[in-house]
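Position one of the sequence shown corresponds to residue 359 (our numbering), numbered consecutively onward.
Backbone N, C-alpha and C fix where the C-beta goes; we use that ideal spot for every residue, glycine too.
As the structure is a prediction and not an experimental result, all values here were calculated from the model.
Report on one structure; see the data block that follows.
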Amino acid sequence: MEGGARLMADNPDDWWQRIERCRREIDAIDEQILKLLNKRAELARTIGILKRNHDQSAYSPAREHQIITRLLKQHRGPLSPEAVKAIYREILSGCRTLEEPLRVAFLGPAFSYTDIACRQHFGQSVNAYPVTTIPDVFLEVERGNADYGVVPIENTAEGGVNDTLDMFTRSELKICAETFLEIHHCLLARCSIEEIKVVYSRDSALAQCKNWLREHLSHAELRPVSSTTEGALRATQEQNAAAVAHKLAAEHYGLNVVAEHIEDMPNNKTRFLVIGKEIPSPSGQDKT
Numbered sequence: 359m360e361g362g363a364r365l366m367a368d369n370p371d372d373w374w375q376r377i378e379r380c381r382r383e384i385d386a387i388d389e390q391i392l393k394l395l396n397k398r399a400e401l402a403r404t405i406g407i408l409k410r411n412h413d414q415s416a417y418s419p420a421r422e423h424q425i426i427t428r429l430l431k432q433h434r435g436p437l438s439p440e441a442v443k444a445i446y447r448e449i450l451s452g453c454r455t456l457e458e459p460l461r462v463a464f465l466g467p468a469f470s471y472t473d474i475a476c477r478q479h480f481g482q483s484v485n486a487y488p489v490t491t492i493p494d495v496f497l498e499v500e501r502g503n504a505d506y507g508v509v510p511i512e513n514t515a516e517g518g519v520n521d522t523l524d525m526f527t528r529s530e531l532k533i534c535a536e537t538f539l540e541i542h543h544c545l546l547a548r549c550s551i552e553e554i555k556v557v558y559s560r561d562s563a564l565a566q567c568k569n570w571l572r573e574h575l576s577h578a579e580l581r582p583v584s585s586t587t588e589g590a591l592r593a594t595q596e597q598n599a600a601a602v603a604h605k606l607a608a609e610h611y612g613l614n615v616v617a618e619h620i621e622d623m624p625n626n627k628t629r630f631l632v633i634g635k636e637i638p639s640p641s642g643q644d645k646t
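As structure tokens, then:
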């Protein structure tokens, strides 16, 4: 600290010159990264052509898992492991699109937790679209309208999702991959918490926050709707209304995040399945 103080006293402009040198080095590194990313993309496109010639799917969850696992073992920081996973998820997503654009159906609507889980697994480059019910997700894949589907299968607070379990007794679709999403509910509104008279959300989301809502909004009426996203929409249409939903819904609908992490169970997670017609190649980390 004293050495730094002496340095600035001797040359007050040196700190800015050092910033400029660091920025020039960052610019040079960014150019190298971009060249390497495009080189990687060209190789991915070549792999896609070879796969198509041999009737193989571009989507290989086992391979993607191996890539990220290998990189995390080599990683020494200072980036967090979560940051590395997020970066490579988008790299894999963009390269996968060059190999073969995928269509993925998910239990909607947009900005539902299944939508967020879908983006978490496939990345932002995937062509994903919502459908109304879990049977509709299965139907889209069975009819070939979607290459894959994403559905919830179980939640730590509420157990198994019956609609998904029932569909596996009637469908020949396979489990291709799984992804876990930490469920963090937020209270969204355009008014202050004191002004809230009604709270909208999916019944399961309201149940997962019942203790918090009882403590902080005992005066408000709780109204179940079909999804957390519909709840957010209702909160934009009515005065003194709020919603329990993901904070991404707040950004989309122009709502304020009145409170975060209002779920009663701190380790609230939902497991989602990626379903498809093909059995993926084994990764060595499979459940069966």
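Any C-beta of chain B under 8 Å from that of residue i
i           : result
residue 563 : The structure shown has no chain B; it contains just one protein chain.
Other residues of its chain near residue i: CB distance less than 6 Å, five sequence neighbours each side excluded
i           : result
residue 628 : 510, 513, 539, 541
residue 399 : 453, 456
residue 506 : 462, 632, 634
residue 359 : Its pLDDT being 43, under 50, residue 359 is placed unreliably by the model, and the measurement read from it follows with that caveat. Nothing meets the Cβ criterion.
residue 479 : 537
residue 553 : 598
Option nearest residue i by Cα separation, candidates the options
i           : options            : result
residue 496 : 459, 526, 572      : 526
residue 424 : 471, 447, 619      : 447
residue 555 : 567, 532, 597, 584 : 597
residue 549 : 439, 593, 625      : 593
residue 566 : 626, 388, 630      : 626
residue 557 : 586, 534, 380      : 586
residue 467 : 483, 617, 610, 381 : 610
Residues of its chain near residue i, where Cβ-Cβ distance is below 7 Å and the 5 sequence neighbours each way are ignored
i           : result
residue 492 : 465, 509, 521, 522, 525
residue 422 : 450
residue 570 : 620, 622
For residue i: DSSP bridge partner residues
i           : result
residue 533 : 633
residue 300 : Here the chain comprises residues numbered 359 to 646, so residue 300 is not present and cannot be evaluated.
residue 547 : 600, 614
residue 457 : DSSP, once it has assigned bridges, lists no residue as partnering residue 457.
residue 538 : 629
Helix, strand or coil at residue i according to DSSP, with G and I counted as helix
i           : result
residue 469 : coil
residue 559 : strand
residue 520 : helix
residue 628 : strand
residue 512 : strand
residue 487 : strand
residue 581 : strand
residue 525 : helix
residue 437 : coil
residue 621 : coil
Cα-Cα separation between residue i and residue j, rounded to whole angstroms
i           : j           : result
residue 393 : residue 403 : 15 Å
residue 580 : residue 531 : 37 Å
residue 516 : residue 560 : 13 Å
residue 374 : residue 401 : 41 Å
residue 599 : residue 568 : 17 Å
residue 636 : residue 501 : 14 Å
residue 410 : residue 417 : 11 Å
residue 378 : residue 477 : 36 Å
residue 397 : residue 469 : 33 Å
residue 381 : residue 408 : 41 Å
Close-in-space but distant-in-sequence residues of the same chain around residue i (CB under 8 Å, 5 per side omitted)
i           : result
residue 608 : 544, 546, 590, 614, 615
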